[in-house]
Amino acid sequence: MSQPGVRLVWLGRVQYAELLAQQERWLRRLQAEPATKASSGTEAGALLLCEPAGPVYTAGLRGGLTSEETARLRALGAEVRATGRGGLATFHGPGQLLCHPLLDLRRLGLRLRTHVAALEACAVRLCELQGLKGARARPPPYTGVWLGERKVCAIGVRCGRHITSHGLALNCSTDLTWFEHIVPCGLVGTGVTSLSEELQRHITVDEVMPSFLVAFKETYKCTLVSDDSPS
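Next up, the structure:
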């Protein structure tokens, strides 16, 4: 049996708003397809990847930022956005790999919880391929991928009508001082880290891309199809 295809869309270094706009276009496309095609189609959706061009704090469905905190963060020169993903507040910025899979879970035979677990497995596998041992997923509320008490990859997703959006944020060479202005994901007493911090050398998003794509294909048992025209 052939593997389902997933359209690979590399957006490059873009503003967070552009990622959200592309996500919305793909969501509309997938939601417009009839259920019969969704259950029998060989293409399961799209994988949007980018590196944020500027600093942005995002809040999830559970909130995480008061109006006073929002004003304080904007005064630092960062964007602040409310999103429809699960979870609380986190940070996105240059040096971070953002992965938003827009997937029809029916075509992959996955449930939402197994999708979240698959995203965690992708990040763990990427860490292994980069030579970083010890990365692991933890049970809720510690969603994401951790090295001890330090989170290297945050995960927050949304799912409606079997179609996923949002995804993961992996710190490659992210300026971690931005996280000091919030309680990341609302988890008091934990910290954040990056691949560069752990491996003690500068690791770019471009460097980890091949490893991430290998991990994604292995975990989701799919074929990635390049797409040069994401819109």
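In this text, residue positions in the sequence shown follow the UniProt record's numbering: the first is 1, and each later residue adds one.
Don't be surprised by glycine CBs; every beta carbon is placed ideally from N, CA and C.
Because the structure is a prediction, the values reported are computed rather than measured.
Beta carbon of residue i nearer than 8 Å to that of residue j
i: P101; j: E43; result: no
i: residue 236; j: V208; result: Within the shown structure, residues of the chain are numbered from 1 to 231, placing residue 236 beyond reach of any answer.
i: L126; j: F212; result: yes
i: F91; j: W146; result: no
i: residue 252; j: G86; result: What the structure shows of the chain is the stretch from 1 to 231, and residue 252 is not part of that stretch, so it cannot be assessed.
i: R150; j: G109; result: no
i: V14; j: A53; result: yes
i: I155; j: G144; result: yes
i: Y16; j: E79; result: yes
i: A21; j: A59; result: no
i: L129; j: C159; result: no
Cβ separation of residue i and residue j, assumed to be a contact under 8 Å, to the nearest whole Å
i: L199; j: L168; result: About 19 Å separates the two Cβ atoms, so there is no contact after all.
i: G84; j: C50; result: So it is not a contact: roughly 18 Å between Cβ atoms.
i: C122; j: F216; result: 5 Å
i: P141; j: G93; result: About 23 Å separates the two Cβ atoms, so there is no contact after all.
i: I163; j: L27; result: 6 Å
i: L170; j: Q96; result: 7 Å
Per DSSP, the bridge partner or partners of residue i
i: K151; result: W146, V192
i: F91; result: Y57
i: E79; result: V56
i: W10; result: L49
i: E43; result: G5
i: G156; result: G167
i: A137; result: V145
i: H100; result: L48
i: L199; result: Answer is none; L199 lacks a bridge partner.
i: S226; result: L8
7 Å Cβ shell around residue i - same chain, five flanking residues per side excluded
i: L8; result: L47, L224, V225, S226, D227
i: residue 297; result: Residue numbering for the chain in the displayed model covers 1 to 231; residue 297 lies beyond these limits and cannot be assessed.
i: L19; result: L11, L48, C50, L98, H100
i: K221; result: Q3
i: E218; result: R125
i: S173; result: G95, S194, S196, H202, I203, T204
i: residue 281; result: Outside the shown range of the chain, which is 1 to 231, sits residue 281, and nothing can be said about it.
i: G134; result: L147
Cβ neighbours of residue i in the same chain (closer than 6 Å, five flanking residues each side left out)
i: V214; result: none
i: E62; result: At residue 62 the sequence reads Arg, which differs from the Glu that was named. Taken in chain order, the residues that qualify are L88.
i: P65; result: Going by the sequence as given, residue 65 is Leu instead of Pro. Counting only Cβ-Cβ distances below 6 Å, and skipping sequence neighbours, we find A59, A89.
Chain-order list of residues whose beta-carbon lies under 8 Å from that of residue i (same chain, five-residue window excluded)
i: R138; result: G144, W146
i: G77; result: P55
Counting only runs that start and end within the segment 102-131, where is the alpha helix (DSSP H) found for 4 or more residues in a row? 105-108, 112-129
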